[in-house]
Each structure stands twice: as C-alpha cells, then as structure tokens.
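Here my numbering is used: the first residue of the sequence shown is -8, the next is one more, and so on. From the three backbone atoms N, C-alpha and C, an ideal C-beta is built for every residue, glycine too. Note that the coordinates shown come from a computational prediction; the quantities given were computed from them, not determined experimentally. First the structure, in the form of structure tokens, and then the observations on it.
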Amino acid sequence: MVINRREFIKRTAATAAGLSIGMMTAGMTLKNGLPYRKLGKTGLDVSLLTVGGHNIGKDILTEKESITLIRTAIDEGVNFLDNAWDYHDGRSEERMGKALMDGYRDKVILMTKHHGREPKRAQQHLEDSLRRLKTDVIDVWQFHELDEMKEVEEIYSSGVLDFALKAKEQGKIKHIGFTGHYRPEIHLEMIKRGFDWETIQMPINPMDYQYLSFTQNVLPVAVEKNIGVIGMKSMAGNGVLLNKGAATVEECLRFAMSMPISTLCSGMDSVKMLKENIETARRFKPLSEAEMTDLLERSYDYAQGGENEWYKSYTPDPDDNW
-8 MVINRREFIK RTAATAAGLS IGMMTAGMTL KNGLPYRKLG KTGLDVSLLT
42 VGGHNIGKDI LTEKESITLI RTAIDEGVNF LDNAWDYHDG RSEERMGKAL
92 MDGYRDKVIL MTKHHGREPK RAQQHLEDSL RRLKTDVIDV WQFHELDEMK
142 EVEEIYSSGV LDFALKAKEQ GKIKHIGFTG HYRPEIHLEM IKRGFDWETI
192 QMPINPMDYQ YLSFTQNVLP VAVEKNIGVI GMKSMAGNGV LLNKGAATVE
242 ECLRFAMSMP ISTLCSGMDS VKMLKENIET ARRFKPLSEA EMTDLLERSY
292 DYAQGGENEW YKSYTPDPDD NW
C-alpha cells in the first residue's frame, strides 16, 4: 500500500512518540537541577547532557578556554565526558586530561574511543589515551566509528575483544561499547554477533528518523538488551535544519532527549553554548506527539537522500589505517 507524505509523517510521529521516554522520565534523578539517567547495564548514573570531545580540541579554542569549558560543565552538574583517540591528533584527550587535574577526575565518568581492530593497535590506542587523559582507568572504552561490515568481522575474529576483556580485568577500563554513524545494519550486526556490549553510540535527530534510521532500527534493540545508548549528532552534522529555519537548537536537543537514550553527546565550543544546552536539559520535557509531528514535517524534505547527514552519504575509505 502506498501512503502519502502526510500519512507517513503521522505514522512516523506516532512511532517516535511511542519510543519517547515517559518510562525513563519516571526513573530520572536530578542533580544540581540536571536530569540523570542510567547508562544501561553499566548501572552508572549519567547526566542527560554529555560534553563532546571533538569540539574541545578545535583550533578556535585555546587550551585554557577548553579547560574552562570542561570544568564549567562539571561544576554545573555534567558528569559524562566524551573523547576519542584520534580527535585532533590527540589534542582533545590532552586538553581533557589537563582539565581533569585538581580533583576533577573523581567527579566524572570518562569515556573515550579507539580505532583498534586488532589487539596490537588497540593496546597502543589504550596506552596513548590513558597517558593523554592522565588517568589509570577509562570508565567507558568504545570501538570507534564502525563504517564497514569487514570491521565487524575483524573485531570478532582478531582477538581484540579478548584484549578488551583482559584490559577490563586489569582495571584499565570498566565498560566496553562501540560507535558508528554510517549504516544501522553495522550496529545491528555488532549486537547480533553476541558480545556483551555495555554501551552504544549513534546519531539521534529528526532527519535520522526519516532516512537510514538508527533511531528506528537500532535504538529499540539496544533498549531491549539494556545497552546504554549515547546519542550524538542531534543537529544532523551540518546544521541544515538550523540554517534553513526548519528547527531550533532546543527542538533538536529535545527530540534526541525524548528518545530512550541515556545521554546526549553534544559538541560545544563556547561556555555560552554549553550553558544554553545545560538549561535546555534542566527544563527538559519530552516532545508531545503533536510537537513530534510538526518537527518531522519541517524536517522531511531535508532528510530525503541523506545528503544533509554527510556521515551517511560519504564512501568509507578502504585505505584508512589507524
């Protein structure tokens, strides 16, 4: 049966509202006025907003400004920090490591990501991250940026999962997850293969909901298996919804936060932006079905074909060698 655009959006909005987090709102706690949720089977309580690690390493920020941003977030109640081994050739991790000195490390749950697809590289990335972050343990360590099925096979066959479990036994990491933003089926295959993933990171935004959707296809599976979900790319990567006046920052944040995610990772490169996002999280209220319908309607044209979610449109480079 062929359905028209209005009927499609109406059905989609109803499904999105069904995914909405009424059940999770009841289980949320507040700390410093900021909502906290459980990070799945890890049992960790994490702030609804996460400081993204990529932006804090940008050239437009000085090291001092980055440290101030991170510490301000922590002082305001944000306790979950994102990073990755490759962000700005390690500068993001180095800056975060300096920010977590003077007792700040004890106040946060620290997550970073790596490109190890076999044990030797994973070990090098882990050692680099521990050194840069100035810590003895990483709370959440994620296999980063899976964008080809061959990587799933490599991870499951190379012995790197045994290495990760050994590192966990040694106390160097506490929880293991993975990330990606290219194709939902790669996430699903990672789960299907059977490793006991504790966290997962994926795009959550109004356009994702309508094209090659992680939100519709992966999120329900992760929730069913009690995998802690870290949302990302709430502005869909290129900000087209904001630039075209189709949505506001707050609407995009609320859309992601209305899904059954544990936390939303947001790239912020100023204290002003940080404080605005914190206030959105503090006054968070799930989108109603009517609000969801309206937002998806405004996003519909920009979602088609995926070109406005660049990470779904590019062709993975088979020669990438981390």
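Gln133 sits in a strand when the DSSP states are folded into three classes. If you draw a straight line from the Cα of Lys157 to the Cα of Arg112, it is about 15 Å long. In the DSSP secondary-structure assignment, Thr103 is bridged to Trp132.
CA-to-CA, the gap between Val240 and Gly150 works out to about 42 Å. Assigned with DSSP and collapsed to three states, Asp80 falls in helix. Taking the CA atoms as reference points, Asp50 sits about 29 Å from Asp199. Distance between Ala75 and Glu142, taken at the CA atoms: about 18 Å.
The beta carbon of Leu179 sits closer than 8 Å to the beta carbons of Asn208, Val209 and Val212 from its chain, once the five residues preceding and following it are set aside; these are given in chain order.
Excluding five sequence positions before and after Ala5, the CB atoms of its chain that fall closer than 7 Å to its own CB belong to Glu280, given in chain order. One alpha carbon belongs to Arg122, the other to Leu60, and they sit about 21 Å apart. Taking a C-beta distance under 7 Å as the contact criterion, Ser57 and Ile47 qualify as a contact pair. Excluding sequence positions up to five before and after Arg174, its CB lies within less than 8 Å of the CB of Asp138, Leu203 and Lys303, all in the same chain and listed in chain order. C-alpha of Met259 to C-alpha of Val42: approximately 7 Å in a straight line. A Cβ-Cβ separation of about 7 Å places Leu25 in contact with Ile269 under the 8 Å criterion. With fewer than 16 other CB atoms across the displayed protein chains lying within 10 angstroms of its CB, Tyr305 is exposed. Between Val99 and Thr190, the C-beta spacing is not below 7 Å. Counting the other CB atoms within 10 Å of its CB gives Lys104 a total of 16 or more, which places it among the buried residues.
For Asp50, there is no enclosing alpha helix (DSSP H), since its DSSP letter is neither H nor E. Annotated three-state conformation of Thr33 is helix, per DSSP. Distance between Phe169 and Phe134, taken at the CA atoms: about 4 Å. Shown here, Arg28 sits in a strand according to DSSP, grouped into three states. Straight-line spacing of the CA atoms in Lys266 and His116 works out to 32 Å.
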